[in-house]
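Peer 1: Attaching a single structure in structure tokens format; questions to follow.
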Amino acid sequence: MTGEINLKEIEIYSNSDNQFDSTTFASDTDNGEGEVVTQEQQDLATQNRLRKYSKKRRSGVLRYPLEALTEHTDYLQIDIEEYAALGNYTSEPGSNTRYVKGNYFGSDRAGRRSSNRLSKKPLVNAGTILLPIPSNVQDTNNVQYDTSSLNGLAAVGVKAAEDVMKIRFGSNVSPFEQLANAAGRAKTSITDGFGTNAAAANALQKFLASKAIGIFGGNVTASQLLARANGEILNPNMELLFGSPTLRNFRFNYKFTPRNEKEAQQVKLIIRAFKRNMSAQAQGGTLESGNFFLKTPNVFSLRYRTGRKNHPFLHRFKQCFLTDMSATYTGENVHATYEDGTPVSILLDLSFKELQPIYDIDYDTKPGTEAVGY
52 MTGEINLKEI EIYSNSDNQF DSTTFASDTD NGEGEVVTQE QQDLATQNRL RKYSKKRRSG
112 VLRYPLEALT EHTDYLQIDI EEYAALGNYT SEPGSNTRYV KGNYFGSDRA GRRSSNRLSK
172 KPLVNAGTIL LPIPSNVQDT NNVQYDTSSL NGLAAVGVKA AEDVMKIRFG SNVSPFEQLA
232 NAAGRAKTSI TDGFGTNAAA ANALQKFLAS KAIGIFGGNV TASQLLARAN GEILNPNMEL
292 LFGSPTLRNF RFNYKFTPRN EKEAQQVKLI IRAFKRNMSA QAQGGTLESG NFFLKTPNVF
352 SLRYRTGRKN HPFLHRFKQC FLTDMSATYT GENVHATYED GTPVSILLDL SFKELQPIYD
412 IDYDTKPGTE AVGY
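In structure tokens form, the structure reads like this:
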């Protein structure tokens, strides 16, 4: 029957450990047994399943190495958290809505959770990954500055335009008188800037000549003509001006060498957790949108830790996106695996980028006041 399938089995299970809901459809057209479901009903069931799947949360702790992290060990804690949209078109600089907070009860920590209590299932939209401090620990803060030039003629023009825009109607001074005053100030500024009327006339001639040459395809400026004819140029009044803050990037490189079956399981789940939670979500959104939309991936909160406390010296992070990762399963440049297929050496490269730039007030509130700050 076109557009219809026979429903053989529907299996749905759920428990307190936030297991997945699973729905299995299988067509059975041989004997005609089972309930007949239309294509529209199937599509609706698929949409509902995806929506439920996108909202699932399975927390837990993954750790590598399996036994080496203790109460007195320095390590990197990475919390997986749901992305929180701004809800507005602008954000307040230094707002604490995106500060790293972590999950105080559910995410801890090295030495507080024995190896037999580590997660044995994939982390979904929640959870924590504990890794050693990387070999190269550094932070780089950058601010963008741009070179700006504004010659005297352009500056006078800008000032004249501002004076015209400031003309007020209905005041004691007529608009025409205000306009005449603006023109007089512009003329005075030009005369003072060029020094003499002859110099002003010469510069104006070069300006008009450069525009005329441009009509015929020439690429010559007034300053170039002045340099050729008089050996001088218009002062560009060059200055370095603040452009914008920047977003910081962090790159981590790890080499995994699983020593036993449990540690191999943790490595496999760690790689899977990064891949799964950095991926765009196929269904959902704050408006529970349809399949025309994709939901923003999860964010990662990074913290350097010492036992149960934040590291007393190393820098802090704002929440990050995992922008790219790569896993090399031939860490020794040769394909070698254990009996269960686990590679003997795996290289993992992670690149994180912070969601928001760093502002001065970030160093005045927690966690910016801790250690060296951001």
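Going by the numbering used here, the final residue of the sequence shown carries number 425, and the count climbs one at a time with no gaps. In this text, a Cβ means the ideal position worked out from N, Cα and C, and glycines have one as well.
With a CB to CB cut of under 8 Å and the five nearest residues on each side skipped, what residues in its chain are close to Lys306?
Peer 2: As a working mapping, residue 306 is identified with position 255 in the sequence shown. By the criterion of a C-beta distance shorter than 8 Å, Lys306 is surrounded in its chain by Gly382, Ser396, Ile397, Leu398 and Leu399, once the five residues flanking it on both sides are discounted.
Peer 1: Between Arg168 and the ligand NAP, is the CB less than 7 Å from at least one heavy atom?
Peer 2: Questions concerning the ligand NAP fall outside what the structure shown contains, since it holds no ligand whatsoever.
Peer 1: In terms of DSSP beta bridges, what is Thr140 paired with?
Peer 2: Residue mapping note: residue 140 aligns to position 89 of the sequence shown, counting from 1. Note on residue identity: the sequence assigns Tyr, not Thr, to residue 140. In DSSP, Tyr140 forms no bridge with anything.
Peer 1: Out of Pro418, Val318 and Arg279, point me to the one whose CA is closest to Asn361's CA.
Peer 2: In the sequence shown, the residue the question calls residue 361 occupies position 310. It is Pro418 whose Cα lies nearest to the Cα of Asn361.
Peer 1: What is the DSSP secondary structure of Ser166, counted as helix, strand or coil?
Peer 2: The sequence position of residue 166 within the sequence shown is 115, counting from 1. Correct three-state label for Ser166: helix.
Peer 1: I need the straight-line Cα distance from Phe156 to Pro173, nearest angstrom please.
Peer 2: The residue you call residue 156 lines up with position 105 of the sequence shown. The residue you call residue 173 lines up with position 122 of the sequence shown. Any reading at Phe156 is ruled out, since the residue's pLDDT is 42, under 50, leaving its predicted position unreliable.
Peer 1: Identify every residue that forms a DSSP beta bridge with Phe307.
Peer 2: In the sequence shown, the residue the question calls residue 307 occupies position 256. Note: Phe307 sits in a beta bridge opposite Ile397.
Peer 1: Can you tell me whether Glu122 is helix, strand or coil according to DSSP?
Peer 2: Stepping through the sequence shown from its first residue, residue 122 is reached at position 71. Here Glu122 sits in coil by DSSP.
Peer 1: Below 6 Å CB to CB, which residues in the same chain sit around Ala387 once its five sequence neighbours on both sides are set aside?
Peer 2: As a first step, residue 387 must be located in the sequence shown, where it is residue number 336. Correct list, in chain order: Val395.
Peer 1: Tell me, please, whether the stretch 183-196 touches the stretch 129-141 by the rule of three or more beta-carbon pairs shorter than 8 Å.
Peer 2: no
Peer 1: I need the boundaries of the alpha helix (DSSP H) containing Ser377, first residue and last residue.
Peer 2: The residue you call residue 377 lines up with position 326 of the sequence shown. It is not in any alpha helix (DSSP H) - Ser377 instead sits in the beta strand (DSSP E) that spans Cys371 to Thr379.
Peer 1: Where in the stretch 233-277 do unbroken runs of the alpha helix (DSSP H), each at least 4 residues long, occur, reported from the N-terminal end onward?
Peer 2: 248-266
Peer 1: If you follow the beta strand (DSSP E) that Asp197 is in, where does it begin and where does it stop?
Peer 2: In the sequence shown, residue 197 corresponds to position 146, counting from 1. From DSSP, the beta strand (DSSP E) with Asp197 extends over Val194 to Ser199.
Peer 1: Could you tell me the distance, in whole angstroms, from the CA atom of Asn248 to the CA atom of Arg236?
Peer 2: Here residue 248 refers to the residue found at position 197 of the sequence shown. Here residue 236 refers to the residue found at position 185 of the sequence shown. Each residue's Cα considered, the two are about 16 Å apart.
Peer 1: Can you give the Cα-Cα distance for Thr198 and Ser166, rounded to whole angstroms?
Peer 2: For this step, residue 198 is matched to residue 147 along the sequence shown. For this step, residue 166 is matched to residue 115 along the sequence shown. Thr198 and Ser166 have their C-alpha atoms spaced approximately 56 Å apart.
Peer 1: Return the chain-ordered ranges of every alpha helix (DSSP H) run that is complete within the stretch 279-332 and spans a minimum of 4 residues.
Peer 2: 312-329
Peer 1: How many angstroms separate the CA atom of Leu255 from the CA atom of Asn223?
Peer 2: Walking along the sequence shown from the start, residue 255 turns up at place 204. Walking along the sequence shown from the start, residue 223 turns up at place 172. The alpha-carbon atoms of Leu255 and Asn223 are separated by roughly 36 Å.
Peer 1: So, does the stretch 282-295 touch the stretch 192-211, judging by three or more C-beta pairs under 8 Å?
Peer 2: yes
Peer 1: Per DSSP, which residues does Asn361 bridge with? Please list them.
Peer 2: If you number the sequence shown from 1, residue 361 lands on position 310. Arg356.
Peer 1: Decide if the stretch 310-319 is in contact with the stretch 111-119; the criterion is three or more beta carbon pairs, one per stretch, under 8 Å apart.
Peer 2: yes
Peer 1: Going straight from the alpha carbon of Glu421 to that of Ala251, what length do you get?
Peer 2: For the purposes of this step, residue 421 is taken as the residue at position 370 of the sequence shown. For the purposes of this step, residue 251 is taken as the residue at position 200 of the sequence shown. Cα-Cα distance, rounded: 60 Å.
Peer 1: Helix, strand or coil for Leu95, going by three-state DSSP, please let me know.
Peer 2: As a first step, residue 95 is located in the sequence shown; it is residue number 44 there, counting from the start. Three-state result, Leu95: helix.
Peer 1: If you follow the beta strand (DSSP E) that Leu182 is in, where does it begin and where does it stop?
Peer 2: Counting from 1 along the sequence shown, the entry for residue 182 is found at position 131. Run containing Leu182: Thr179 to Pro183, per the beta strand (DSSP E) assignment.
Peer 1: Check for me: the beta strand (DSSP E) holding Val385 runs from which residue to which?
Peer 2: On the sequence shown, position 334 is the one that residue 385 refers to. Run containing Val385: none; DSSP gives neither H nor E here.
Peer 1: By DSSP, does Asp130 sit in helix, in strand, or in coil?
Peer 2: Taking the first residue of the sequence shown as position 1, residue 130 is located at position 79. Residue state, collapsed to three classes: strand.
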